[in-house]
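Numbering (full-length UniProt numbering), first residue to last: 1 to 109.
Rendered as structure tokens:
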């Protein structure tokens, strides 16, 4: 399962609305791809449709779609939003990551 913090939920709903998506119907697609300074990097985008191998979760008024292969890397992750002095953005608190880069956008297992 993937969890969504209160701050991330508010920001996601706001951004989806700005981009013409509806948080009650559409999805936040979370994934992992090869790349980044630690070997794997996170992907986050909005989507209106599900794929055949997607796992779907709903937490804190956000519907999350994760492709089955990416889910193996993301199980137990909490998606948060940081608006602090170190910069704004989504933060993946991933218990499976053994190493992350300084920017938090990539990780390794």
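For glycine and all other residues, C-beta sits at the position ideal for the given N, C-alpha and C.
Note that this is a predicted model, so its numbers are computed, not measured.
From residue 81 to residue 91, what distance separates their C-alpha atoms?
Each residue's alpha carbon lies about 6 Å from the other.
My assumption, with CB atoms under 8 Å, is that residue 151 sits in contact with residue 43. Please give the rounded CB distance.
Since the first residue shown for the chain is 1 and the last is 109, residue 151 is missing from the structure and cannot be characterised.
If you run the structure through DSSP and keep just helix, strand and coil, what is residue 18?
helix
Residues in the same chain with beta-carbon distance under 7 Å from residue 9, minus the five sequence neighbours each way, listed in chain order, please.
For residue 9, the CB contacts under 7 Å within the same chain, skipping 5 residues up- and downstream, are 60, 61 and 62 in chain order.
Considering just the uninterrupted stretch of the beta strand (DSSP E) at residue 45, what are its terminal residues?
40-47
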